[in-house]
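> To start, I am sharing the structure in question, which I have written as structure tokens.
2 protein chains.
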Amino acid sequence: MYERKIPEDLDCGINVTMKVLSGKWKPCIIDSIHRGIRRPVELHAAIPAAAPRVINMQLRELEEFGIVTKKVYPDSVPLKVEYYLTPMGESVMPVVTAIDKWGTANKDYVVGVCRAMESVE
Amino acid sequence: MYERKIPEDLDCGINVTMKVLSGKWKPCIIDSIHRGIRRPVELHAAIPAAAPRVINMQLRELEEFGIVTKKVYPDSVPLKVEYYLTPMGESVMPVVTAIDKWGTANKDYVVGVCRAMESVE
DNA sequence: CGGCATCCGGCAAGATACTG
DNA sequence: CAGTATCTTGCCGGATGCCG
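In the order they appear, the protein sequences are chains A and B. Heads up, the first sequence stops at 121 in our numbering, and the numbers go up one at a time, no gaps. Heads up, the second sequence stops at 1121 in our numbering, and the numbers go up one at a time, no gaps.
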């Protein structure tokens, strides 16, 4: 669902959620924060494939939508920052959980299909 | 969540689902088919913003993953085709439903945030 | 460490036109 | 109506480098 930029027709509930969750790593990031991974470096360690810059971008987008909040420790050296889910962010968890659950349950199947597709090309 | 093409790291359940649902209109299409909208024209009517070509592309991708099946009526003039959810497709419905539910519940909030963002730029 | 600036490539998706 | 072929484009995200 992470996808491309979203249908502007926000009448449909689906599109509304898409608008907020669209971004290659947003669901992963939300899930990670929910699990207690709060600092950008840690997020990058948890999701190595996502470049720090991208993580940062997506965090700010999520912040704009009130899904996460940023807490800065100004006196900390080196600089320390933490992200938390807001109540609104917590309310999206059922969506993220559903995504994770289906993916986990059907991982083998999907991987199988992917392999088959690759071997054809 | 519809998003860009997905993390190849299919260890994470989230990425697995992303792999299957990524595409600007896939969740909408799945939801529509589930509601009994089966023909491409009807789907286009239901989702006017999605060009027929794109709907077709995404249908084929969903077909590759075994989420939908195509039924052709060869003797029908004009040509008639119908798409159905497979059992695997039905199993994704909880995800789609969760997406729709959250979006519907928070539509006003999200629209509000979007407006605020626009007026700033 | 956190995060902004910049440059660039890829690819999904829009537009259009054409077959069966 | 269903679907393909082309061409074009918007823009997300990857890569690097630098600053506080």
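Here a beta-carbon is modelled for each residue, glycine too, at the ideal position from N, C-alpha and C.
Quick check on residue 1009 of chain B - is its C-beta less than 7 Å from some C-beta in chain A?
yes
> Name the DSSP bridge partner or partners of residue 80 of chain A?
A/73
> Cβ closer than 8 Å: which chain B residues qualify as neighbours of residue 119 of chain A?
None at all; the shortest Cβ gap to chain B is about 13 Å.
> Give the secondary structure of residue 1085 of chain B by DSSP, where H, G and I count as helix, E and B as strand, and everything else as coil.
strand
> Return no unless some Cβ of chain A is closer than 7 Å to the Cβ of residue 1016 of chain B.
yes
> Rank B/1050, B/1024, B/1096, B/1114 by C-alpha distance to the C-alpha of residue 1031 of chain B and give the top, closest one.
Per the Cα distances, B/1096.
> I'd like to know if residue 74 of chain A contacts chain B, where contact means its C-beta is closer than 7 Å to some C-beta of that chain.
no
> Enumerated in chain order, which unbroken segments of the beta strand (DSSP E) with a length of 3 residues or greater are wholly contained in the region 26-77 of chain A?
68-73
> Quick check: what's the CA-CA separation for residue 1074 of chain B versus residue 1041 of chain B?
Each residue's Cα considered, the two are about 17 Å apart.
> What does residue 110 of chain A touch in chain B if you count any residue whose Cβ is under 8 Å from its own?
1010, 1016, 1019, 1020, 1065
> I'd like the list of long-range same chain contacts for residue 1066 of chain B, defined as Cβ closer than 7 Å, with 5 residues on each side in sequence excluded.
1086, 1088
> Please report how far the alpha carbon of residue 1110 of chain B lies from the alpha carbon of residue 1117 of chain B, in whole angstroms.
Near 11 Å, if we compare the C-alpha coordinates of residue 1117 of chain B and residue 1110 of chain B.
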